[in-house]
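Engineer:
There are 2 protein chains.
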Amino acid sequence: MLHKHKHNQTCCPVHVTFPEQEPISAEKAAELEDLFKILANDTRLRLLHTLARVEEMCVCDIANAVDMTPQAISNQLQRLSDRGIVATRRSGNQIYYRVVDECVVGLLQKAMCLLDDSEKLAKV
Amino acid sequence: MLHKHKHNQTCCPVHVTFPEQEPISAEKAAELEDLFKILANDTRLRLLHTLARVEEMCVCDIANAVDMTPQAISNQLQRLSDRGIVATRRSGNQIYYRVVDECVVGLLQKAMCLLDDSEKLAKV
DNA sequence: CAACTATTACACAAATCAGTTTAATAGTGT
DNA sequence: ACACTATTAAACTGATTTGTGTAATAGTTG
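Those protein sequence lines, which keep their order, are chains S and E. All the letters of the first sequence, read from the start, carry residue numbers 1037 to 1160 under the working numbering. All the letters of the second sequence, read from the start, carry residue numbers 1037 to 1160 under the working numbering.
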């Protein structure tokens, strides 16, 4: 039952080790917590995934895309903007959001891939 | 100011796109949220990082390593165990924890790498 | 300026969460 | 059986978070 790794996965490494001997610093752990926290919300994840597939999109269009109110969307876009993950551009009445931190999207992509892997494993 | 990507980073892809045209499903977003949530806590991150560097470790040793009470540690280890990220083995009085989900550790490693990248960028 | 649209700001209520405290459980040694 | 250690369970508190409702702001159009 412990033979979890079939070596036919697309994301998971066979074995991960941390080369450094030192434990992670409390400061770095806090930074990591912040990073994961911003991704630990299904609304923000859907916003990010939506924005990652287009050049830019205005709030009401995003709200329609995820079927939520513009207020709720604006709340979360603000948080993504505060972290520098997305940025805005005003054009008339609309405010257009776009992804500027590709790294975070890369992390999201990796996480989605991991989930797919475990689903595959679960089906065996 | 928008030229963020210097192409000398170690983790961040230059540009990430999601090949699929469909938006992420609410169900998958919820799964992702759960995955990131478990990582969105500095205590759990320190536990994971500690465990990823050894074969296995008992609760009191982990508690010492991160300088917290065994009760607090046990709380979080339980949550990691519930998700199948770590597993336990009893030996006498001690209960030894070990990492069994290397994928999650891989995600942690990638996140740490991203943070290092942004620090490097910030210093420029 | 007035009416309208798009977005954000703010206060709020419900839910979730982390660490503490206290108590219970499991195993060891005498 | 008893004392002891290691770990977990359960209840509790304070803090954080999310979407909602309402109001405010910015821009457009007539």
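Note that CB positions come from ideal geometry on N, CA and C, so glycine has one too.
Any C-beta of chain E sitting closer than 8 Å to the C-beta of I993/S?
Structural biologist: Shown here, chain S extends from 1037 to 1160; a query on residue 993/S therefore has no answer.
Engineer: Applying the criterion that 16 or more other CB atoms from any shown protein chain within 10 Å of the CB defines a buried residue, is C1096/E buried or exposed?
Structural biologist: Here residue 1096/E refers to the residue found at position 60 of the second sequence. Classification of C1096/E: exposed, given that the 10 Å Cβ count is below 16.
Engineer: State the start and end residues of the unbroken alpha helix (DSSP H) segment that holds S1117/S.
Structural biologist: Residue 1117/S sits at position 81 when you count from the first residue of the first sequence. 1106-1118 is the span of the alpha helix (DSSP H), which, as asked, contains S1117/S.
Engineer: With a 10 Å radius around its C-beta and 16 neighbouring C-beta atoms as the bar for buried, classify K1159/E as buried or exposed.
Structural biologist: Translated into the one-based positions of the second sequence, residue 1159/E becomes position 123. So K1159/E ends up on the exposed side.
Engineer: Just to confirm, does E1063/S get its C-beta within under 7 Å of one of the non-hydrogen atoms of the ligand ZN?
Structural biologist: Ligands displayed in this structure: none; no statement on the ligand ZN is therefore possible.
Engineer: Rounded to whole angstroms, what's the CA-CA distance from D1070/S to A1088/E? Just pull it up for me.
Structural biologist: Here the question's residue 1070/S lines up with position 34 in the first sequence. Here the question's residue 1088/E lines up with position 52 in the second sequence. If you take the alpha carbons of D1070/S and A1088/E, they lie about 21 Å apart.
Engineer: With 8 Å as the threshold, decide whether the Cβ of G1128/E is near any Cβ in chain S.
Structural biologist: The sequence position of residue 1128/E within the second sequence is 92, counting from 1. Chain S contact via Cβ: absent.
Engineer: Going by DSSP, what residue range makes up the beta strand (DSSP E) through A1123/S?
Structural biologist: On the first sequence, residue 1123/S is found 87 positions in, with the first residue counted as 1. Looking at the DSSP string, the run of the beta strand (DSSP E) that includes A1123/S is 1122-1127.
Engineer: Under 8 Å by Cβ, that's how I've got Q1112/S and T1079/S pegged, so tell me the actual separation to the nearest angstrom.
Structural biologist: Residue 1112/S sits at position 76 when you count from the first residue of the first sequence. Residue 1079/S sits at position 43 when you count from the first residue of the first sequence. Indeed, because the Cβ distance is near 5 Å, the residues count as touching under 8 Å.
Engineer: Secondary structure at R1082/E, three-state DSSP: helix, strand or coil?
Structural biologist: Counting from 1 along the second sequence, the entry for residue 1082/E is found at position 46. Helix, per DSSP.
Engineer: Classify D1057/S as helix, strand or coil using the three-state DSSP reduction.
Structural biologist: For the purposes of this step, residue 1057/S is taken as residue 21 along the first sequence, with counting starting at 1. At residue 1057/S the sequence reads Gln, which differs from the Asp that was named. Q1057/S: coil per DSSP, three-state reduction.
Engineer: Please work out which residues of its chain come closer than 6 Å, Cβ to Cβ, to R1125/S, disregarding the five sequence neighbours upstream and downstream, and give them in chain order.
Structural biologist: Mapped onto the first sequence, residue 1125/S falls at position 89. Hits under 6 Å: Y1132.
Engineer: Under a three-way DSSP split, which group does V1090/E fall into?
Structural biologist: Translated into the one-based positions of the second sequence, residue 1090/E becomes position 54. Correct three-state label for V1090/E: coil.
Engineer: Indicate whether at least one CB of chain E lies closer than 8 Å to the CB of K1159/S.
Structural biologist: Within the first sequence, residue 1159/S is the residue found at index 123, counting from 1. Taking Cβ atoms only, chain E never reaches closer than 8 Å to K1159/S, which makes this a no.
Engineer: Taking 8 Å as the CB-CB cut-off, is A1108/E touching chain S?
Structural biologist: Here residue 1108/E is taken as the residue at index 72 of the second sequence, counted from 1. Closer than 8 Å: no.
Engineer: Could you check whether the Cβ of L1113/S sits closer than 8 Å to any Cβ belonging to chain E?
Structural biologist: The residue you call residue 1113/S lines up with position 77 of the first sequence. So, not an interface residue.
Engineer: Just to confirm, are C1047/S and C1048/E a CB contact at a threshold of 8 Å?
Structural biologist: Taking the first residue of the first sequence as 1, we reach residue 1047/S at position 11. Taking the first residue of the second sequence as 1, we reach residue 1048/E at position 12. Not a contact, by the Cβ cut-off of 8 Å.
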